[in-house]
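Encoded as structure tokens, the structure appears first; notes follow it.
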Amino acid sequence: MPNTSPDGDLYVSPLYLAGSTFTGDPALAPLLDHDFDLHSDELANVYVSSPQRHIRLGYLPEGPDYTLWKIAVHADPFGPPRWMATFDSPTPTELVTAFTTALASGYTKGADNYQARKAYPIDEALRPLAEAGWTRTDSWAATVCTAPDQLAGLTYSRQLPGPDAELRGDEHRWLLWGGQDGYRSRWYASFTSRTPIHLIAATTARLADPAPVLRYTPEVPARNRGSARITPVTPPVPTPLDVRRASAARARTTIPRTVVRAATVATAPGPSAALPVRTFRRR
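My numbering runs 13 ahead of the 1-based position in the sequence shown.
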């Protein structure tokens, strides 16, 4: 990993080592764009639901456990969930966004697209990983896919978990993970048996995407930094005109501000000479 400033912006790959951005906005937006309701509690936990209450999402930074995201779909709004997906705190935000984007798209196509598991083979969800060079191992108990660097994996259990245990999180049909072993460096995502395959496939496709993602240095888990490919974002180089303008702005003057403003308007060379806009998220 190259040297980086303690508060700089970075490009990080692979995605599974990047950590979370710890903001819910990108993953909430696809659902809110379809008129889902949003509520929050006094602890800043956020709750989103579809107008008919068949889809519920919780973004729970102050929740009772390590799970940051819980997504449940109900055939009956007053009944138990038909299926559930969870993502814990260090999960890269892009993975949750891929899942909610696919869920929002399915919502527009009708209940059959998001309530019932489609009759697709599990290979639809595994194909993006295989195409990215992940190793697949099949046994009577499970199918396991592992990233080339051994720092991410997916397990599909061939043994059907009990429905109650699965919804409690005691057993998993689908378990996705990434990162070095350790608190706040390794993340887990789970999908229960009836989760539509195309939603899991959208998540694995994003996971397999090699494109680097933007992070602020403290967001990248310390244990992952030695294994990730990290490139600092280079700030734009000021032009000579930028330097002259900055110097002029700092210089003292006895000319009234109204005169300075009028002169500036009269001599401004146009939009192309404006100072470059900083695009970084934090400084």
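Backbone N, C-alpha and C fix where the C-beta goes; we use that ideal spot for every residue, glycine too.
Of the residues Glu232, Thr34, Asp46 and Asp101, the one whose Cα lies closest to the Cα of Gly71 is Asp101. Within the same chain, Cβ atoms closer than 7 Å to the Cβ of Gly166 are found at Val157, Cys158, Thr159, Ala160 and Trp190, the five residues on either side in sequence being excluded. Contact between Ala115 and His52 is absent: CB atoms are separated by about 23 Å, not below the 8 Å threshold. In the three-state reduction of the DSSP assignment, Leu189 falls in the strand class, which pools E and B. Distance from the Cα of Pro251 is smallest, within the candidate group Thr244, Asn58 and Ser260, for Ser260.
The straight-line gap separating the alpha-carbon atoms of Val61 and Ile213 is approximately 20 Å. In the DSSP assignment, Tyr29 falls outside any alpha helix (DSSP H), carrying neither H nor E.
The beta carbon of Trp96 sits closer than 6 Å to those of Val86, Thr205, Arg207 and Thr208, all from its chain and outside the five residues before and after it, given in chain order.
The beta carbons of Val226 and Glu107 sit about 6 Å from each other, so the pair counts as a contact at 8 Å. Using a Cβ-Cβ distance cut-off of 8 Å, the segment 109-124 and the segment 45-59 are in contact, since at least three pairs of beta carbons, one from each stretch, lie closer than that value. Selection Ser203, Gly146 and Arg238 evaluated against Gly182 yields Ser203 as nearest (Cα-Cα). Secondary structure of Pro245 (DSSP, three-state): strand. Here the alpha carbon of Ile243 sits roughly 44 Å from the alpha carbon of Gln65.
Straight across, the Cα-Cα distance linking Gly239 with Gly92 is about 46 Å. The residues Glu184, in chain order, have a CB closer than 6 Å to that of Ala178 in the same chain once the five nearest residues on each side in sequence are set aside.
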